[in-house]
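>
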Amino acid sequence: MVDTDTARLGAYLRGHRDRLRPDEVGLGTDGRRRVSGLRRQEVAVLAGISPDYYLRLEQGKDRRPSAQVLDALARAFRLDADGRDYLFRLGGHAAPRRSPGWAQAAPTPAQIGSLTSMVSSWTTTPAYVVDRYQDLVAVNELGRLFLPLVCEQGTNMIEAVVDAAALETDAARHEDWDRTIAVMTAALRFHSDPADPRLRVLVASLGGRSRVFRRVWASQEAYPLREGSSPVRVDPFGFIAFRWQTLEVHGGDHFLTSFFGAAGSAAAAAIDFIRARHRVEECLREGAILDA
Numbered sequence: 011m012v013d014t015d016t017a018r019l020g021a022y023l024r025g026h027r028d029r030l031r032p033d034e035v036g037l038g039t040d041g042r043r044r045v046s047g048l049r050r051q052e053v054a055v056l057a058g059i060s061p062d063y064y065l066r067l068e069q070g071k072d073r074r075p076s077a078q079v080l081d082a083l084a085r086a087f088r089l090d091a092d093g094r095d096y097l098f099r100l101g102g103h104a105a106p107r108r109s110p111g112w113a114q115a116a117p118t119p120a121q122i123g124s125l126t127s128m129v130s131s132w133t134t135t136p137a138y139v140v141d142r143y144q145d146l147v148a149v150n151e152l153g154r155l156f157l158p159l160v161c162e163q164g165t166n167m168i169e170a171v172v173d174a175a176a177l178e179t180d181a182a183r184h185e186d187w188d189r190t191i192a193v194m195t196a197a198l199r200f201h202s203d204p205a206d207p208r209l210r211v212l213v214a215s216l217g218g219r220s221r222v223f224r225r226v227w228a229s230q231e232a233y234p235l236r237e238g239s240s241p242v243r244v245d246p247f248g249f250i251a252f253r254w255q256t257l258e259v260h261g262g263d264h265f266l267t268s269f270f271g272a273a274g275s276a277a278a279a280a281i282d283f284i285r286a287r288h289r290v291e292e293c294l295r296e297g298a299i300l301d302a
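In the numbering used here, the protein residues as written are 11 to 302.
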């Protein structure tokens, strides 16, 4: 019987083999290929292992490939450092460099409280913290005003993005939502424990609601969120591109994302505008109460 861990390793290998083109690894084509990806024999040659052994890996029949074999496969598939880490973890080995791992203790209420206090003290930067499953742990006031999502503690941010994308009426923005779902899905796979029932429930839910999630999850892509750019609607100006950065906190088990703009940019001015508008609204409410 094939165990679950080796089946996951096989699926990851197949996903990369199907996605990698021969010309990307220096292999010529004869124009008569039936598939766009690599053949198993080609992967075996690139990795320096026997075709039969590679087939056993894809079929999940080898319980613990050596670190040398995994390293050779990582080179054959042209994996980056994050992909290599994930491959080693699936193969039952410590990653060659520090990796967050899967077996970590749940945060204590005091730790969650410290994360909440930290982001709440940031009054000039929209920010939020999620766990490895993209469940919202903390968000500051500016983050609630800035993000076009439901931002309550415990909200799954991928589900929130999927719901917001479904309500988008501007066809030109669909690609932006799809990109956001794709990178969050890859981060979910990278950080989560494949054996955790919480992950299975979440994948089933998201898979039934988002074609982008289904596609990216099936592709076996796995990498962490680090930095990027996303357009966010700021009324009355329309969409403005903001930079974002994600950092690991609490030993790599929680992830802090903040949004910002370069000094003098429209993004930086928009954040100042959101803060000022909120302050005006607060003052007007306070004045209305005093006048009542």
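A virtual CB, placed ideally from N, CA and C, is assigned to each residue, including glycine.
Express the C-alpha separation of A280 and A286 in angstroms, rounding to a whole number.
Straight-line Cα distance between these residues: approximately 10 Å.
> Just verifying my parser: in three-state terms, what is the DSSP assignment at V55?
Residue state, collapsed to three classes: helix.
> Give the straight-line distance between the Cα atoms of E291 and F200, rounded to the nearest whole angstrom.
Computed Cα separation, rounded: 41 Å.
> Whole beta strand (DSSP E) runs in the region 109–178 with 3 or more residues, listed along the chain?
Runs found: 137–141, 146–149.
> Is P32 helix, strand or coil by DSSP?
Correct three-state label for P32: helix.
> Among residues of its own chain, excluding the 5 on either side of G25, which ones have a beta-carbon nearer than 8 Å to its beta-carbon?
Counting only Cβ-Cβ distances below 8 Å, and skipping sequence neighbours, we find A228, S229, Q230, E231.
> Looking at Y138 and G123, is the spacing between their C-beta atoms short of 8 Å?
Not a contact, by the Cβ cut-off of 8 Å.
> Start and end of the alpha helix (DSSP H) containing G93?
Note, G93: alpha helix (DSSP H), 91–100.
> Please classify F247: is it buried, with 16 or more other beta-carbons within 10 angstroms of its beta-carbon, or exposed?
Under this definition F247 is an exposed residue.
> Please check the pair L56 and V35, which I expect to be a contact at CB under 8 Å, by giving their CB distance rounded to whole angstroms.
Correct: roughly 6 Å between the Cβ atoms.
> By DSSP, does E237 sit in helix, in strand, or in coil?
Three-state DSSP puts E237 in a strand.
> In the structure shown, what three-state DSSP assignment does E258 receive?
E258: strand per DSSP, three-state reduction.
> Starting from H184 and walking both ways along the alpha helix (DSSP H), at which residues does that stretch end?
Per DSSP, H184 belongs to the alpha helix (DSSP H) from 184–201.
> For the structure I just gave you, are there three or more beta carbon pairs, one from the region 266–282 and one from the region 233–249, closer than 8 Å?
Contact between the region 266–282 and the region 233–249 is present, because at least three Cβ pairs lie under 8 Å.
> Which residue comes first and which comes last in the alpha helix (DSSP H) that contains F223?
First-last of the alpha helix (DSSP H) with F223: 221–229.
> For the region 214–225 against the region 164–171, do three or more pairs of beta-carbon atoms, one drawn from each stretch, fall closer than 8 Å, so that the two count as touching?
Segments in contact, yes.
> State the start and end residues of the unbroken alpha helix (DSSP H) segment that holds S215.
S215 -> alpha helix (DSSP H) spans 207–217.
> A86 by DSSP, collapsed to three states: which one?
Correct three-state label for A86: helix.
> Under DSSP, the beta strand (DSSP E) around L266 begins and ends at which residues?
Note, L266: beta strand (DSSP E), 264–270.
> By the three-class DSSP mapping on this structure, what secondary structure does L23 have?
Helix.
> Tell me whether the beta-carbon of G47 lies closer than 8 Å to the beta-carbon of R27.
Cβ distance < 8 Å, so G47 and R27 count as in contact.
> Have a look at A84, D33, G20, N150 and flag the residue whose alpha-carbon is nearest the alpha-carbon of L266.
Checking every option, the nearest Cα to that of L266 belongs to N150.
> Does the beta-carbon distance from V211 to W187 come in below 8 Å?
Against a cut-off of 8 Å, the Cβ pair of W187 and V211 comes out as no contact.
> Which residues in the same chain have their Cβ closer than 6 Å to the Cβ of S130, if we skip the five residues on either side of it in sequence?
Only N150 meet the Cβ criterion.
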